[in-house]
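Engineer: Submitted below is the structure of interest, expressed as structure tokens.
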Amino acid sequence: MAKLYFRYGAMGSSKTANAIMVQYNYQERGQNALMLKPRLDNRDGERVVGSRSGLSASCRFVEELDEIDLSVYDCLIVDEAQFLTKAQVQRLVDIVDGMDIPVICYGLRADFMGNLFEGSHWLMAWADSIEEIKTVCWCGRKAIMNARVSGGRVVKSGEQIVLGGNESYVALCRRHWAEGKLSPLEIRRIVAGKEAYLPLLLEADPSEGMIDRYLEAGELYALLADGQTVGVGVIAAREDGAMEVKNLAIAEDLRGRGYGRKLLEHLVKLCAGRCEALYVGTSPANVPFYEKLGFKKAYVEKGFFTHNYDAPILEDGQVLTDDD
């Protein structure tokens, strides 16, 4: 007997990654599992679901259910199910009961104000099985609230649906959500909305064109103090199998507080188990900073600054050329 499942969790609890793995498990056993999502969720592309872990899968829209021959599928998987309407949840119930096809829904339970979404409301009411996918608040307690963050503060008013990832939302325990208290210091990987960090990235690399070359394929990490972004770092794989710190920037008015060291140490730790060497390309004035943290001079890429930047780059009144 097929069932309707609702698997919910706060932001960052790997719901989408779970959904993609369930689909993979069905396929591995020679069965068909159809991935679906509501049409309004366009963050990862028109017909794609994507996880912060980097997993992605093609999908169809829930709104297209009546156009799809469901008889060829052994299971339906719905991501971002909180955005479903009551009628759409009823349609899924009918598929389970009338066609004997299991439906597994993944989504948030409540919005940033602590209110149930329409989809989660009716899934909680009608699902045969309700399971929680757990994650934790920065304090270590179980996180059940999806806090919306703007300008380094938890906001509790506004439209219910504002699409965003970990640049806009963070999972908190009920106590810290009520207090509006964010982590004193944390580092988050940013997968979606990387362009929002361009002003800070430009403080370390003055060429938007250069940043575009490595930002999409690179891994972007943001250092936050009390919810406010104070620094960013980008690492990327090199063709020789090593990793490279492509960008490391701390807000100008917040330098000298150890944020750069904290972020770099985190990037070094991330790369330690993934490569045998970690490089960083930098200007002469920044060499002492990296040497203090164990970096050693490897080589000079002659003409790097003049070949890759249209405008001259000045440091201590001198044009950087790397000709020596």
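Following my numbering, the numbering of the sequence shown begins with 145 at its first residue and continues without gaps.
A virtual CB, placed ideally from N, CA and C, is assigned to each residue, including glycine.
Because the structure is a prediction, the values reported are computed rather than measured.
(1) Entirely within the stretch 285-324 and at least 4 residues each: give me those alpha helix (DSSP H) ranges in chain order.
(2) Three or more C-beta pairs closer than 8 Å, one from the stretch 278-291 and one from the stretch 198-214: is that the case here?
(3) Pick from 441, 313, 319 and 324: whose alpha carbon is nearest that of residue 337?
(4) Which stretch, first to last residue, makes up the beta strand (DSSP E) that contains residue 180?
(5) Could you check how far apart the C-beta atoms of residue 247 and residue 236 are, in whole angstroms? I think they sit under 8 Å.
(6) With a threshold of 7 Å on Cβ separation, who are the neighbours of residue 239 within its own chain once the five nearest residues in sequence on each side are excluded?
(7) Determine the closest residue to residue 347 out of 393, 403 and 334, with distance taken between C-alpha atoms.
(8) Check whether the Cβ atoms of residue 344 and residue 395 lie closer than 9 Å to each other.
(9) Based on the DSSP secondary-structure assignment, which residues constitute the bridge partners of residue 203?
(10) Do residue 295 and residue 370 count as a contact pair if the criterion is CB distance below 9 Å?
(11) Counting pairs of Cβ atoms below 8 Å between the stretch 412-429 and the stretch 395-404, do you hit three or more?
(12) State yes or no: is the C-beta of residue 151 within less than 9 Å of the C-beta of residue 250?
(13) From this set, 349, 225 and 270, which residue's C-alpha is nearest residue 241's C-alpha?
(14) Could you give the C-beta distance for residue 364 and residue 331, rounded to a whole number, given that I count them as a contact under 8 Å?
(15) Do you know whose CA, among 448, 218 and 373, lies nearest residue 173's CA?
(16) Mind checking whether the beta-carbon of residue 303 lies closer than 8 Å to any heavy atom of the ligand GDP?
(17) Considering just the uninterrupted stretch of the beta strand (DSSP E) at residue 186, what are its terminal residues?
Structural biologist: The answer reads as follows:
(1) 318-323
(2) no
(3) 313
(4) 177-181
(5) 5 Å
(6) 214, 220, 245 and 247
(7) 393
(8) yes
(9) Partner(s): none; residue 203 has no beta bridge.
(10) no
(11) no
(12) yes
(13) 270
(14) Wrong, their Cβ atoms sit about 11 Å apart, outside the cutoff.
(15) 218
(16) With respect to small molecules bound, the structure shown includes none, and the ligand GDP cannot be examined in it.
(17) Looking at the DSSP string, residue 186 is not in any beta strand (DSSP E), and its letter there is neither H nor E.
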